[in-house]
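Student: As numbered in mature numbering (1 follows the signal peptide of the UniProt record, and there is no 0), residues -23 to -1, 1 to 359 make up the sequence shown, in order.
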Amino acid sequence: MRRLLTAAAAAAAAFSLASCSFGEPPEPESGEPPNLPTPSGAPESPATFMDVVAEGLEMPWGLDFLPDGTAIVGERTGRLLQIPVAEDGTAGEPAELRTIDVDDTGEGGLLGVAVSPAYDDDHAVYLYYTSDEDNRIVRIDPTTDAAPEPVLTGIPASDHHNGGALEFGPDGFLYAATGDAGNGEAAQDPDSLAGKILRITAAGEPAEGNPDPASPVYSLGHRNIEGLAWNAAGDLYATEFGQDIADEVNLIEPGSNYGWPYYEGPGGDDQYADPVLTWEPFEGSCAGAVFLEDSLVTACLRGQRLWIAQFDSSGAPAGEPQAAVVSEFGRLRSVAMGPDGMLWVTTSNRDGRCVEERGCTANEADDRIIRFSTSYAAQGRV
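#1: So TRP256 packs on ALA215, CB below 8 Å; how close in whole Å?
#2: Taking all protein chains shown into account, decide if ASP344 is buried (16 or more other Cβ within 10 angstroms of its Cβ) or exposed.
#3: Taking C-alpha atoms, which residue in ALA264, ALA293, LEU269 lies nearest to VAL279?
#4: Which full runs of the beta strand (DSSP E) of 3+ residues lie inside the region 96 to 171, going along the chain?
#5: Can you tell me whether PRO188 is helix, strand or coil according to DSSP?
#6: What separation, rounded to the nearest whole angstrom, lies between the Cα atoms of PRO238 and ASP148?
#7: Can you list, in chain order, the stretches of the beta strand (DSSP E) that have 3 or more residues and sit fully within the region 281 to 309?
#8: Hey, quick one: how far does the beta strand (DSSP E) through ASP93 stretch, first residue to last?
#9: I'd like to know whether the C-beta atoms of ILE49 and VAL90 end up nearer to each other than 8 Å.
#10: Applying the criterion that 16 or more other CB atoms from any shown protein chain within 10 Å of the CB defines a buried residue, is PHE259 buried or exposed?
#11: Give the secondary structure of PRO183 by DSSP, where H, G and I count as helix, E and B as strand, and everything else as coil.
#12: What number of angstroms, rounded off, separates the C-alpha of PRO183 from the C-alpha of ASP189?
#13: DSSP on PHE26, reduced to helix/strand/coil?
#14: As an exercise, report each continuous beta strand (DSSP E) stretch of at least 3 residues that is fully enclosed by the region 307 to 356, in chain order.
#15: CA-CA distance, ASN201 and PHE26?
#16: Measuring CA to CA, which of GLY83, ALA158, GLU73, THR338 is closest to PRO119?
#17: The beta strand (DSSP E) spanning TYR235 covers which residue range?
#18: Taking GLN59 as part of the beta strand (DSSP E), name the residues at either end of that continuous run.
#19: If we count the other Cβ atoms within 10 Å of its Cβ and call it buried at 16 or more, is THR47 buried or exposed?
#20: Once DSSP output is grouped into helix, strand and coil, what is the label at GLY(-1)?
#21: According to DSSP, is PHE218 helix, strand or coil?
#22: Let me know the secondary structure DSSP gives PRO258 once reduced to three states.
#23: Pair every Cβ in the region 90 to 100 with every Cβ in the region 60 to 77, then say whether three or more of these pairs are closer than 8 Å.
#24: Whole angstroms are fine: how far does the CA of ALA300 sit from the CA of GLY318?
#25: State the Cα-Cα distance for the pair ARG335 and SER192, rounded to the nearest angstrom.
#26: From TYR235 to GLY204, what does the alpha carbon distance come to, in whole angstroms?
#27: Give the single residue among ASP212, LEU151, PHE145, GLY141 whose Cα lies nearest to the Cα of HIS199.
#28: Apart from the five residues on each side of it in sequence, which residues of its chain come closer than 7 Å, Cβ to Cβ, to HIS137?
#29: Which of the three DSSP states, helix, strand or coil, is assigned to ALA31?
#30: Return the first residue and the last residue of the beta strand (DSSP E) that GLY39 is part of.
#31: Quick one, are the C-beta atoms of ASN187 and TYR195 less than 8 Å apart?
#32: Along the chain, where does the beta strand (DSSP E) containing ILE202 start, and where does it finish?
#33: Cutting at 6 Å between CB atoms, please list the residues of its own chain near VAL267, excluding the five before and the five after it.
#34: Taking just the CA atoms, how far does GLN59 sit from SER(-8)?
#35: According to DSSP, what are the bridge partners of THR76?
#36: Less than 8 Å between the C-beta atoms of ILE117 and LEU129, yes or no?
Structure, rendered in structure tokens:
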């Protein structure tokens, strides 16, 4: 399953990812997994090595890691997989953990995956998925066959705009991003769970410090968020799908209203928070997101690229975002920094939207999970 990518793809990544402090590990032998060394200083060259750790998947969406480095991956169809990673960086073959009963109509199905920060003690993995009646968050123990335990139910569902980002924040609370489920007005309703970022305890209760102590709602006025990421200072950013005008990156403040459906992109209205970055939908539709030091890396579907945006110490963009691996791998969905120091990216070319008129062609290897070498791996910093 593992293999070197083409020289053209490697060269494209080497050029494009340089702005994100990617580093070059020693050249591996052909066909062998990379060795992740710990040199004394940071490498001076950008990355030239990538490899495919899984292929032939069906719409991989959620992605997180167990403490031992094992990747946990959810396919939208409901299949939950594990991919072991050895100490030398070798990634094993995907193995099925279980299948969750989901409604994968349209944009529904098994979406976010988040491993408990206390996994060594509680063996808890949290899932966000679409059932036949709602979107919900459940808890499972992947070491057993026990049924999923509901944590938060009743999130409005539809065949589109289900959100699905699920992450534990640096404060230890669980954050979930929901879509408007096709009803923009619900995003403005504080009593609806649609079009929101939710912040809850591991048991599903409103987290301490929420704007309304009795509500899980942390922010509102969102159309469809599929990416949540925190910078080193603990600031939360979200990637949000626009409709026709602008996709957004928003700096999330508790209690703030981000304007949907009244505004898309900057609104200039003091009642609503403006995005810190926007892209036109044809070059964006960005889903998963992660910070590498001061740079936000987000994986884009329609845009078929990684956008890399550097931020300054005030949390504002510093310079123009850089596009990487444009149209190299088709539609990109999730992105995460693995415990191996590698940047893991999933494709979404089997979701029915990889079409020739948008410059996307699925092949027999899709869908794939790809790893990119970073300076974190080369410096042994994780």
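Beta carbons are placed, not taken as given, at the ideal position from N, Cα and C, and that holds for glycine. Computed from a prediction, not measured in an experiment: that's the story for all the values here.
Tutor: Here's the rundown:
#1: For the purposes of this step, residue 256 is taken as the residue at position 279 of the sequence shown. For the purposes of this step, residue 215 is taken as the residue at position 238 of the sequence shown. Actually they do not touch by this definition, with Cβ atoms about 14 Å apart.
#2: By one-based count along the sequence shown, residue 344 stands at place 367. Counting Cβ neighbours within 10 Å, ASP344 comes out buried, since at least 16 surround it.
#3: Position 302 of the sequence shown, counting from 1, holds the residue named residue 279. Per the sequence presented here, residue 279 reads as Arg, with Val not at that position. Nearest option by C-alpha distance: ALA264.
#4: 102 to 107, 112 to 117, 126 to 132, 143 to 145, 151 to 154
#5: The residue you call residue 188 lines up with position 211 of the sequence shown. In the structure shown, PRO188 falls within a coil segment according to DSSP collapsed to helix, strand and coil.
#6: Taking the sequence shown and counting its residues from 1, one reaches residue 238 at position 261. Taking the sequence shown and counting its residues from 1, one reaches residue 148 at position 171. Straight-line Cα distance between these residues: approximately 30 Å.
#7: 282 to 287, 299 to 301
#8: For the purposes of this step, residue 93 is identified with residue 116 of the sequence shown, where counting begins at 1. Residue identity check: residue 93 is Ser in the sequence provided, not Asp. Where SER93 is concerned, there is no enclosing beta strand (DSSP E), given that its DSSP letter is neither H nor E.
#9: Taking the first residue of the sequence shown as position 1, residue 49 is located at position 72. Taking the first residue of the sequence shown as position 1, residue 90 is located at position 113. A contact, by the Cβ cut-off of 8 Å.
#10: Along the sequence shown, one-based indexing puts residue 259 at 282. The residue is exposed, with fewer than 16 neighbouring Cβ atoms inside 10 Å.
#11: Locating residue 183 in the sequence shown gives position 206, where the first residue counts as 1. Reduced to three states, the DSSP call for PRO183 is strand.
#12: For the purposes of this step, residue 183 is taken as residue 206 along the sequence shown, with counting starting at 1. For the purposes of this step, residue 189 is taken as residue 212 along the sequence shown, with counting starting at 1. Taking the straight line from one Cα to the other gives about 9 Å.
#13: Counted from its first residue, the sequence shown places residue 26 at position 49. In the structure shown, PHE26 sits in coil (DSSP, three-state: anything other than H, G, I, E or B).
#14: 309 to 314, 320 to 324, 346 to 349
#15: Taking the sequence shown and counting its residues from 1, one reaches residue 201 at position 224. Taking the sequence shown and counting its residues from 1, one reaches residue 26 at position 49. Approximately 33 Å between the Cα atoms of the pair.
#16: Here the question's residue 119 lines up with position 142 in the sequence shown. Comparing alpha carbon positions, the residue from GLY83, ALA158, GLU73, THR338 closest to PRO119 is GLU73.
#17: Numbered from 1 along the sequence shown, position 258 holds the residue referred to as residue 235. No beta strand (DSSP E) holds TYR235; DSSP gives it neither H nor E.
#18: Taking the sequence shown and counting its residues from 1, one reaches residue 59 at position 82. Here the beta strand (DSSP E) through GLN59 covers 56 to 60.
#19: Along the sequence shown, one-based indexing puts residue 47 at 70. Its Cβ being crowded by 16 or more others within 10 Å, THR47 is buried.
#20: Walking along the sequence shown from the start, residue -1 turns up at place 23. Because the pLDDT at GLY(-1) is just 38, under 50, the model does not fix this residue reliably, and the point stays unresolved.
#21: What you label residue 218 is simply residue 241 of the sequence shown in a count that begins at 1. Here PHE218 sits in coil by DSSP.
#22: Sequence index remark: in the sequence shown, residue 258 carries index 281 (1-based). Of the three classes helix, strand and coil, the one that applies to PRO258 here is helix, per DSSP.
#23: no
#24: Position 341 of the sequence shown, counted from the start, is the residue given in the question as residue 318. Position 323 of the sequence shown, counted from the start, is the residue given in the question as residue 300. Rounded to the nearest angstrom, the two C-alpha atoms are 21 Å apart.
#25: Along the sequence shown, one-based indexing puts residue 335 at 358. Along the sequence shown, one-based indexing puts residue 192 at 215. Looking at the two C-alpha atoms, the distance is approximately 41 Å.
#26: For the purposes of this step, residue 235 is taken as the residue at position 258 of the sequence shown. For the purposes of this step, residue 204 is taken as the residue at position 227 of the sequence shown. Computed Cα separation, rounded: 15 Å.
#27: The residue you call residue 199 lines up with position 222 of the sequence shown. With distances taken between Cα atoms, HIS199 lies closest to GLY141.
#28: Residue 137 sits at position 160 when you count from the first residue of the sequence shown. Here the set comprises GLY83, GLU84, GLY159.
#29: Taking the sequence shown and counting its residues from 1, the one referred to as residue 31 is at position 54. Looking at ALA31 - three-state DSSP - the assignment turns out to be strand.
#30: Here the question's residue 39 lines up with position 62 in the sequence shown. Taken as a continuous stretch (DSSP letters only), the beta strand (DSSP E) holding GLY39 covers 37 to 42.
#31: Walking along the sequence shown from the start, residue 187 turns up at place 210. Walking along the sequence shown from the start, residue 195 turns up at place 218. A distance below 8 Å separates the beta carbons of ASN187 and TYR195.
#32: Mapped onto the sequence shown, residue 202 falls at position 225. Counting along the chain, the beta strand (DSSP E) containing ILE202 begins and ends at 202 to 207.
#33: Along the sequence shown, one-based indexing puts residue 267 at 290. ALA206, VAL274, VAL312, ALA313, MET314, listed in sequence order.
#34: Along the sequence shown, read from residue 1 onward, the residue named residue -8 stands at position 16. Along the sequence shown, read from residue 1 onward, the residue named residue 59 stands at position 82. Confidence is the limiting factor: at SER(-8) the pLDDT is only 40, short of 50, which leaves the residue's position unreliable and the question unanswerable from this model.
#35: Residue mapping note: residue 76 aligns to position 99 of the sequence shown, counting from 1. In DSSP, THR76 forms a bridge with ARG56.
#36: As a first step, residue 117 is located in the sequence shown; it is residue number 140 there, counting from the start. As a first step, residue 129 is located in the sequence shown; it is residue number 152 there, counting from the start. No, the Cβ-Cβ distance between ILE117 and LEU129 is not below 8 Å.
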